[in-house]
Amino acid sequence: MSAFKGLNGQQRAEDNLQKFKAWASSVTTEEIKLFANGGQLHRTDLAAHLGFSTSVFRQNPKVAEELCRFEKELRDQGVLPQRVDTVAEKSVRSGMSPIDSQRLKRLQEQNAYQAEEINLLRRRLAKYEVLQEALFITGRLPQ
């Protein structure tokens, strides 16, 4: 049976807000670190811990506002690191379609991989340039 049997949507929303506020006021720094994920709290784990779905964080404006306020407070206290938005996250908030957002994320990952590969190849090339110069100076390499 559902824990919300007999409650309407507004009552559920208020119940979820009270659950979150109660948790936020009683949680310890060590417990928060269990839910930390890149400068914010991991929504899926937190929702499971509080006994509601992750959609509550998106669809209940009061809970979403309270969560943002709580995370900002934790960042100000140094419990959570400052959040760095990626281009993909910014694009999702700006209204980019999920398919385009996935493509953007994939291209970012590919770009990072290729940049690392370029750095590796440049280091290898530098070794061969030193070798070529040594051969040229010793006269073993024709001009």
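Under the numbering used here, the letters of the sequence shown match residues 180 to 322, in that order. Note that beta-carbon positions come from the ideal geometry of N, C-alpha and C, so glycine has one too.
Whole-Å CB distance - residue i paired with residue j, under 8 Å assumed
i       : j       : result
Arg-191 : Gly-218 : Not confirmed; about 29 Å, so no contact.
Leu-229 : Phe-199 : 6 Å
Three-state secondary structure assigned by DSSP to residue i
i       : result
Leu-259 : coil
Met-180 : Because Met-180 carries a pLDDT of 40, less than 50, the predicted location of this residue cannot be relied on, and no value is offered for it.
Leu-320 : coil
Residue i - containing alpha helix (DSSP H), residue span
i       : result
Leu-286 : 277 to 317
Asn-195 : 188 to 205
Ser-232 : Per DSSP, Ser-232 belongs to no alpha helix (DSSP H) and is neither H nor E.
Arg-220 : Residue identity check: residue 220 is Leu in the sequence provided, not Arg. Unbroken run through Leu-220: none, as it is neither H nor E.
Residue i versus residue j: straight-line alpha-carbon distance, rounded
i       : j       : result
Thr-317 : Glu-308 : 14 Å
Lys-241 : Leu-259 : 22 Å
Ala-305 : Gln-287 : 27 Å
Arg-285 : Cys-247 : 28 Å
Leu-314 : Leu-300 : 21 Å
Gln-289 : Asn-298 : 14 Å
Candidates the options, of which the one nearest residue i by Cα
i       : options                   : result
Glu-252 : Leu-220, Pro-321, Asp-194 : Leu-220
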